[in-house]
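Since the structure comes first, as structure tokens, the remarks are kept for the end.
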Amino acid sequence: MASKTYKIGVVGNRDAILPFRLIGFQTFPVTEATEAVNTLRRLSREDFAIIYLTEDMAAEIPETLAYYDKQVLPAIILIPTHKGVMGLGQRRIRENVEKAVGQDIL
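Written as structure tokens, this is what we have:
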């Protein structure tokens, strides 16, 4: 039985995601929220199991993130931009850990 191969993608501001391209990830530059939503939809249909998304774009599309939080795949992981950390990624990790173990252990 053949196993399915999944991909990893990075979505966000071109300058922030460029380093990921240099190490071999597929990158998808976006400049506005609607582009980010459409790109996430497309990647989820194209067997991307992990999608890194910049925090600045994530801040603009909370409803879309809430939808994907309920899906098994893809896992959307927030990353800071070259401008710094907004704290959204850390907050999501904290919420998921609390949901999993019943209390905030971080």
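Number 44 in the numbering used here belongs to position 44 of the sequence shown; there are no gaps in the numbering.
From the three backbone atoms N, C-alpha and C, an ideal C-beta is built for every residue, glycine too.
Compute every distance between the C-beta of residue i and the non-hydrogen atoms of the ligand MG, then say whether any falls below 8 Å.
i	result
Ile50	Of ligands this structure carries none, so the ligand MG is not represented either.
Closest to residue i by C-alpha separation, out of the options, would be which residue?
i	options	result
Val30	Gly9, Ile23, Glu46, Ile50	Gly9
Asp56	Val11, Thr5, Lys7, Lys4	Val11
Val37	Thr81, Arg91, Thr54	Thr54
Lys4	Ala49, Arg91, Leu40	Ala49
CB residue i to CB residue j, shorter than 9 Å?
i	j	result
Ile109	Tyr52	This structure leaves residue 109 out entirely; the chain is present only between 1 and 106.
Lys7	Glu35	no
Ile76	Ala58	yes
Leu73	Ser44	yes
Locate the beta strand (DSSP E) running through residue i, then write down its first and last residues.
i	result
Pro29	26-29
Quick one: what's residue i bridged to in DSSP?
i	result
Ala59	Bridge partners of Ala59: none, in fact.
Lys7	Phe48
Leu40	Answer is none; Leu40 lacks a bridge partner.
Leu78	Leu53
I'd like the span of the alpha helix (DSSP H) that includes residue i, first residue to last.
i	result
Leu73	Premise fails: Leu73 is in no alpha helix (DSSP H) and is neither H nor E.
Pro19	14-22
Check the C-beta distance from residue i over to residue j and give it rounded, since I have them as a contact under 8 Å.
i	j	result
Ala16	Thr64	The Cβ separation is near 18 Å, so there is no contact.
Phe28	Thr39	5 Å
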